[in-house]
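Read top to bottom, the protein sequences are chains B and R.
Just so you know, the first sequence maps onto residues 5 to 349 in the working numbering.
Just so you know, the second sequence maps onto residues 9 to 118 in the working numbering.
Even for Gly, the Cβ is constructed at its ideal location relative to N, Cα and C.
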Amino acid sequence: MGLTLLSRRDPLASASDQLAKLRSIGACPPFGQKMAHAGMSPLHATGITVFQVNVGKFCNQACRHCHVDAGPEREEQMTRETAELCIAALSRTDIPTVDITGGAPELNRNFRWLVEQARGLGRHVMDRCNLSVLQLAPQADLADFLARNNVEVVASLPYFRSSQTDAQRGEGVFDKSIRGLQILNELGYGHEGSGLALNLVHNPTGAFLPARQDAIEAQFRRELLKHHGVVFNNLYTITNMPISRFLEFLIQSGNYEGYMERLANAFNPAAAAGVMCRFTISVGWEGTLYDCDFNQMLELPVTGNAPQHIRDFDPARLGLREIVTANHCYGCTAGAGSTCGGAVA
Amino acid sequence: METYYHPHDLTKFADMGKGNKELWDKFITYYEAVFADGALTEREKALIALGVAHAVQCPYCIDAYTQTCLEKGSNVEEMTEATHVACAIRGGSSLIHGVQMRNVAEKLSM
């Protein structure tokens, strides 16, 4: 059986099927109504400080919660031509941060070129790394490359124990992740004063909200140092989005209604004010522009009033655009909030 | 089937304020203060609550504090140990009364 929804020909591989399911949230008010009650509708961008590029859906892992439906069977990859359009667009702006994600972004053949070009423009570059990729034989020099280019590594590690991590990310992934962190530590990553930032991403290993960021960060710091000698800079908590394979898990486990209710009941206007789509533009592997990586997977491009493709990139118009929202947005506004940079409220 | 316990009643807990708002408000203020970070962390307090929930065998509390423990960053291994603590205290509590049994038996026996 295939690992991805697409290879299994599951109806949830279709964005429209996911959106149809997300329209049904029981007694909870639709997200737009909740935002209107909070006086926050329509939601607008406040500029662009993060240029997020999703270079494709190919990944050496197939995590059960993946919102991208990424996996070894996926073939969507950003081409050099589209990567060049990204760099050309970036060069016409002063956007300080380039955030590269996937799939496993490092496995795109244009990843290193993209990193070098963005660094050449003087931009801060973040790599959303699954850690196990560092141990693939053809990627033996990847950690050195990242360090040489002073790339911030944002590494996924849902929990500091193997049982929870492997249940979500696959058998043996925890041990590979720890080895990946140790490789990065050996290069200076995560050590105070090294200038090489290593930040971890924790997301719950089930249908519940993440722990308070400062509290779980302290737990991770203590446990990873004690048992594995691993150090890191910061830990970001991210709420699981009710889309793609996590949506499949919610439905199959009978948790969908309860989880949506949990998210809606935990709606926090302060978190809504800080959502990352307000300061991010998300570029898809084929160059389409989105408000965030989640909208990208639901095939909800930026509003029709703004440029739709990287070749037409216009930071002035995109920086003030109205954000496209739907019920999955409850995931970013619950509790302390959830962004690619962690909690916000 | 009709039962005394309904899972959806958990969400109606605040209805207890309708009979006497003043007492409810005092209870909630106290309750929130108890579970705030103090000498013990919120996470540790949630684990204690989970153990107590098993000791008093309250299905509402077990439901609520299982979720709370997970959302405070605890894992099932820790939560299982908290349940064993409740079990040990409940079992020990029964067993210590065996001393009373022995005292009575000793007094009555030749």
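If we require 3 or more residues per run, which beta strand (DSSP E) segments fall completely within the segment 109-180 of chain B? 128-133 and 156-160
How big is the Cα-Cα spacing for E190 (chain B) and S136 (chain B)? 16 Å
Per the contact definition of three or more C-beta pairs closer than 8 Å, is the segment 171-179 of chain B in contact with the segment 214-229 of chain B? no
Can you tell me which residues form a DSSP beta bridge with L350 (chain B)? Residue 350 (chain B) lies beyond the residue range present for chain B, which begins at 5 and ends at 349; the question has no answer from this structure.
Roughly how many whole angstroms lie between the Cα atoms of C70 (chain B) and F298 (chain B)? 11 Å
Would you say R249 (chain B) reaches chain R, if we count a Cβ-Cβ gap shorter than 8 Å as a contact? no
Since A270 (chain B) and A338 (chain B) are thought to touch, with beta carbons under 8 Å apart, how far apart are those beta carbons, to the nearest angstrom? 4 Å
List, in chain order, every chain B residue whose beta-carbon is nearer than 8 Å to that of L78 (chain R). P208, G210 and F212
Cβ of G81 (chain R) within 8 Å of any chain B Cβ: yes
For chain R, check one thing: does any of its Cβ atoms lie closer than 8 Å to the Cβ of Q223 (chain B)? yes
Please state if the CB of N112 (chain B) and the CB of V158 (chain B) are separated by a distance shorter than 8 Å. no
Take the Cβ of S230 (chain B) as the centre, count every other Cβ of all protein chains shown within 10 Å, and call the residue buried at 16 or more, exposed below. Per the sequence shown, the amino acid found at residue 230 (chain B) is Lys instead of Ser. Exposed, because fewer than 16 other Cβ atoms sit within 10 Å of the Cβ of K230 (chain B).
Note down, in chain order, all residues in the segment 45-59 of chain R with a beta-carbon under 9 Å from any beta-carbon belonging to chain B. D45, T49, E50 and R51
If contact means a Cβ-Cβ distance below 8 Å, which residues of the segment 64-77 of chain R contact chain B? Q75
Pick helix, strand or coil for D17 (chain R), following the three-state DSSP scheme. helix
Could you please give the first and the last residue of the uninterrupted alpha helix (DSSP H) stretch that includes H232 (chain B)? Q217 to H232
If you run the structure through DSSP and keep just helix, strand and coil, what is N189 (chain B)? helix
Contact between the segment 147-162 of chain B and the segment 191-211 of chain B: three or more CB pairs below 8 Å? yes
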